[in-house]
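Protein chains: 2
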Amino acid sequence: MSKRTAFVVAGGDVDAEDLALIDPERDWVVAADGGALTLLDAGIIPHLVVGDFDTVGEHFAAQLAARGIPIRKLPAAKAETDTHYAAREALRQNPDEVIILGALGGSRFDHTLANLGLLEWLDEQGVQGILYHRSNRIRLVSGPGEAVLAESKFSFVSLIPVTAAAEGITTVGMLYPLRGETLLRGMTRGISNEIVGREGKIIIEKGKCLLVESRD
Amino acid sequence: MSKRTAFVVAGGDVDAEDLALIDPERDWVVAADGGALTLLDAGIIPHLVVGDFDTVGEHFAAQLAARGIPIRKLPAAKAETDTHYAAREALRQNPDEVIILGALGGSRFDHTLANLGLLEWLDEQGVQGILYHRSNRIRLVSGPGEAVLAESKFSFVSLIPVTAAAEGITTVGMLYPLRGETLLRGMTRGISNEIVGREGKIIIEKGKCLLVESRD
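Top to bottom, those sequences are chains P and E.
Counted from 1, the first sequence has number 46 at position 46 by full-length UniProt numbering; the numbering is strictly sequential.
Counted from 1, the second sequence has number 163 at position 163 by full-length UniProt numbering; the numbering is strictly sequential.
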């Protein structure tokens with residue numbers, strides 16, 4: 001049985017290749033504010049659009065409503081971002097995974113960091129979050145746990161600790177093997193590993209890491 | 001007395017406005033790998049270039065040497081990134097602050113995250129690190145401590161916890177005031193505050209936050 005995927009499309013940069021991940025027949029899609037423009041430009045009708053519409057304007061909100069697309073207007077002054085709110089809505093669909101597009105590459109890096117934080121928040125809700133952007137696929141790996149790295153377009157694999165330390169890290173099928181080792185936040189040791197076999201694996205005993213698969 | 005500033009120029013995206021921060025007469029400048037090209041294109045001669053030269057090539061390394069620019073060739077397989085190595089070299093100059101350019105905006109987001117981590121590493125070494133990129137200025141604020149927000153081109157101020165919690169956060173001169181409050185990593189509450197007076201201030205009692213000043 002295939003995974004039930006909910007997509008969150010935020011207002012940052014989205015590539016055609018990112019959008020091609022969406023199967024409009026099968027996946028549930030929520031847009032956060034400017035992300036709605038990206039989707040409609042690509043001919044994808046979101047199931048819901050949330051936002052304060054500060055970016056796209058009231059006029060656009062009215063257009064969405066006229067097309068029968070459900071919108072939820074949020075106040076500009078609120079305790080979380082539009083994208084966070086959209087991720088909450090995605091969770092209500094009980095998906096196996098939430099894929100976030102448009103999370104990186106906008107002009108404001110605070111939004112990028114907030115979106116990365118959502119991977120940890122989703123993990124705490126018991127759901128796998130994945131963030132795609134052009135040359136990068138980012139997940140959170142939480143110990144005790146593991147992540148499988150299938151053959152893909154991404155050459156590099158990097159581990160970036162989110163907690164002060166990420167302990168008991170073992171890699172399988174990687175160029176620079178780790179064997180039950182500790183990575184410390186702020187150090188750059190986990191950067192630029194590479195898969196050597198058909199499939200790699202990362203095992204982590206304790207702590208949390210961002211797992212970034214990337215290419216030049 | 002003005003601050004002694006050491007610049008690290010990494011291989012990511014660098015704007016002319018970012019480069020204008022460098023005073024070649026006064027500041028010490030180290031380039032990490034491809035960052036050397038950025039500097040030379042702008043007519044700035046770095047004091048040192050470090051890297052495995054995987055990006056810019058051996059030929060370029062030879063050119064630098066011919067121009068009398070000190071280079072330190074690092075192995076490709078090493079326990080830290082070129083930029084981290086460059087930041088170590090910057091610290092040897094005993095600067096008051098280390099400003100990192102070209103830390104964001106490259107194609108590989110693992111490098112971006114590693115560069116952000118260097119702000120915490122620098123803080124642990126007792127030196128203020130600042131990362132500039134186009135519409136963003138990013139610092140780490142560590143408790144107990146505070147950060148002053150002078151009037152600037154940046155409209156938005158966001159706090160993103162690096163530790164699981166950042167406690168006792170108080171803001172002065174901000175649109176959405178915080179009064180001794182706790183921010184949790186993964187939540188997006190600290191995003192998009194704004195300075196309302198001539199100067200703002202962030203006070204933090206315990207934990208660490210990234211402080212991002214940004215504009216649209």
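Note that beta-carbon positions come from the ideal geometry of N, C-alpha and C, so glycine has one too.
Source: prediction; values computed, not measured.
Distance CB(residue i)-CB(residue j) smaller than 8 Å
i       : j       : result
E80(E)  : R189(P) : yes
I160(E) : L64(P)  : no
R185(E) : E120(P) : yes
K201(P) : V148(P) : yes
G143(E) : K206(E) : yes
G117(E) : D13(E)  : no
N136(E) : S214(E) : yes
R108(P) : D41(E)  : no
Of the listed residues the options, nearest to residue i (C-alpha basis)
i       : options                               : result
G35(P)  : E25(P), A86(P), L149(P) and L74(P)    : A86(P)
G51(P)  : T170(P), G43(P), K73(P) and G57(P)    : K73(P)
V127(P) : L140(P), N115(P), I44(P) and E97(P)   : E97(P)
A90(P)  : R215(P), V8(P) and N115(P)            : V8(P)
R198(P) : L184(P), S152(P), L119(P) and T171(P) : S152(P)
G102(E) : G11(E), T5(E) and I203(E)             : G11(E)
H111(E) : R215(E), D33(E), T5(E) and K206(E)    : D33(E)
P70(E)  : A77(E), K78(E) and F60(E)             : F60(E)
F154(E) : N193(E), L140(E) and L122(E)          : N193(E)
L140(E) : L175(E), I99(E), M174(E) and Y176(E)  : I99(E)
K3(E)   : D54(E), D23(E) and D18(E)             : D23(E)
M187(P) : Y176(E), R88(E) and I138(E)           : R88(E)
E58(E)  : I138(E), P75(E) and I44(E)            : P75(E)
F53(E)  : G68(E), R67(E), L37(E) and G43(E)     : L37(E)
N115(P) : I191(E), D82(E), A16(E) and E181(E)   : I191(E)
M174(P) : A150(P), R26(P), L122(P) and L183(P)  : A150(P)
Backbone secondary structure at residue i - three-state DSSP
i       : result
A61(P)  : helix
A10(E)  : coil
R189(E) : coil
H133(E) : strand
E25(P)  : coil
T112(E) : helix
G117(P) : helix
A31(P)  : strand
T81(P)  : coil
L74(P)  : coil
T38(E)  : helix
R139(E) : strand
Beta-carbon neighbours of residue i, restricted to chain B and to distances below 8 Å
i       : result
R189(E) : Looking at the structure shown, chain B is missing, and the protein chains on hand are P and E.
Assumed close pair residue i, residue j - CB separation to whole angstroms, cut-off 8 Å
i       : j       : result
T170(E) : I203(E) : 4 Å
L39(P)  : A31(P)  : 5 Å
A62(P)  : W28(P)  : Incorrect: roughly 24 Å between the Cβ atoms, too far for contact.
Any chance the stretch 129-136 of chain E sits against the stretch 164-173 of chain E, with 3 or more Cβ pairs inside 8 Å?
no
When you compare the stretch 203-215 of chain P with the stretch 40-48 of chain E, are there three or more beta-carbon pairs, one atom per stretch, that lie closer than 8 Å?
Counting Cβ pairs under 8 Å, fewer than three are found: no touch.
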